[in-house]
Structure formats: structure tokens, C-alpha cells
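**Student:** The sequence shown runs 1 to 135 under full-length UniProt numbering. A virtual CB, placed ideally from N, CA and C, is assigned to each residue, including glycine. From a predicted model like this one, the values you see are computed outputs, not experimental measurements. Quick one: structure below, then a few questions.
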Amino acid sequence: MTKTSFVHWIASQIPDIAQPLSYYNLDNTVNAEDHGTSHFVALDREGNAVSSTSTINQLLGSKRISPTLGILWNDEMDDFSTPNVTNAFGFAPSETNFIQPGKRPMSSMSPTIVYDKNNGEVSRVQTDNSFFQIS
């Protein structure tokens, strides 16, 4: 990806429009338990580590795509509480989780790296595997 012409060629391969939602027959599908969440861990010889979790949240995320790149947007705003509205996971609203400027929503995503303080080596890398428990 060092040449602008290559970047333009890649972009030209992405269609301007997606299929209408009816094309995907969503009425006859079930939401997979993982909800479109993935996780990766990277460790190197020098003891550096990365633990990262990414999600679109629900089936097809927000059901919206970027008009310029066709990238599916997530629906993480559902992780905030809305007064008098139960979220997609069935949780009742909580005033402490209402949307406010600069606030982050409560989330069970918890990529974690644990180092042994005696020798500095990574002793555990973990993340959530659902919104109920940490593995």
C-alpha cells in the first residue's frame, strides 16, 4: 500500500452500494452468540504485548455502511442506556449509563494483559468471551 495508484485500485473494487437488507433474509436468521466480536493478542520476544477486542455488537451492527467505503458501522451506542428503553441484550436502563458528552458506555469488553511483577514476563492474556463472564 505504498503506491497511491494501488490504494485507488483497491477502493475501485468496493461497490458504491450494498444489497438492500431484504436481500440477506434476516427474518430467517438468528443472531450468533458472538455478536460479531473478535479478539487478537500479539506478543513479541522483548515482552511487549497487545490485547485488542473489536466488535460490531449486534447482527450487521448498525445496519448502516459508510457511503464512501462501504464499511459496516457498529451499533455500540446501544451500550449506553436510554431512559425507559431496554437495550438489545435485554438490560434495563441505568441512569449512571445515560449518554453524556465525553462519557464512555459501560462495556464488558476487557482485553487484559497481566505481567509477573518479579520478572516482567507476561503471565496471562485474557478478554471477555461474552457479556456475562471473563475467561
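1. Kindly give me the distance between the Cβ atoms of Gln-58 and Asp-78, rounded to whole angstroms, as I take these residues to be in contact under 8 Å.
2. In angstroms, rounded to a whole number, what distance separates the CA positions of Ile-17 and His-8?
3. What distance in whole Å lies between the Cβ atoms of Ser-54 and Ser-38, which are believed to be in contact at a cut-off of 8 Å?
4. Does DSSP classify Phe-132 as helix, strand or coil?
5. Report, in whole angstroms, the separation of the C-beta atoms of Phe-80 and Pro-105, which I expect to be a contact under 8 Å.
6. For Ser-38, which of helix, strand or coil comes out of DSSP?
7. Per DSSP, Leu-26 is paired with what?
8. Between the alpha carbons of Pro-111 and Ser-52, how many angstroms are there, rounded?
9. Hey, out of Glu-95, Thr-68, Val-41, whose CA is closest to Arg-114's CA?
10. Given a cut-off of 9 Å, decide if Tyr-23 and Leu-60 are closer than it, judged by their beta-carbon atoms.
11. Is Leu-69 closer than 9 Å to Ser-62 when the C-beta atoms are compared?
**Tutor:** In brief:
1. On the sequence shown, residue 58 is found 58 positions in, with the first residue counted as 1. On the sequence shown, residue 78 is found 78 positions in, with the first residue counted as 1. So it is a contact: roughly 7 Å between Cβ atoms.
2. Position 17 of the sequence shown, counting from 1, holds the residue named residue 17. Position 8 of the sequence shown, counting from 1, holds the residue named residue 8. Straight-line spacing of the CA atoms in Ile-17 and His-8 works out to 17 Å.
3. For this step, residue 38 is matched to residue 38 along the sequence shown. For this step, residue 54 is matched to residue 54 along the sequence shown. Contact between Ser-38 and Ser-54 holds, with the beta-carbon distance rounding to 6 Å and staying under 8 Å.
4. Here residue 132 refers to the residue found at position 132 of the sequence shown. Because the pLDDT of Phe-132 is 44, which lies under 50, any placement of that residue in the model is unreliable, and the question is left without a value.
5. Here residue 80 refers to the residue found at position 80 of the sequence shown. Here residue 105 refers to the residue found at position 105 of the sequence shown. In this structure Phe-80 is in contact with Pro-105, their Cβ atoms being roughly 4 Å apart against a cut-off of 8 Å.
6. Indexing the sequence shown from 1 puts residue 38 at position 38. In this structure, Ser-38 counts as strand in the three-state DSSP scheme.
7. Here residue 26 is taken as the residue at index 26 of the sequence shown, counted from 1. For Leu-26, which the question treats as bridged, DSSP gives no partner whatsoever.
8. The residue labelled residue 111 in the question sits at position 111 within the sequence shown. The residue labelled residue 52 in the question sits at position 52 within the sequence shown. Spanning the two alpha carbons is a distance of roughly 6 Å.
9. Position 114 of the sequence shown, counted from the start, is the residue given in the question as residue 114. With the sequence shown as reference, residue 114 is identified as Val, and Arg is not the correct amino acid for it. Nearest option by C-alpha distance: Val-41.
10. Walking along the sequence shown from the start, residue 60 turns up at place 60. Walking along the sequence shown from the start, residue 23 turns up at place 23. Not closer than 9 Å, so no.
11. Taking the first residue of the sequence shown as position 1, residue 62 is located at position 62. Taking the first residue of the sequence shown as position 1, residue 69 is located at position 69. It is not a contact, given that the beta carbons lie outside the stated cut-off.
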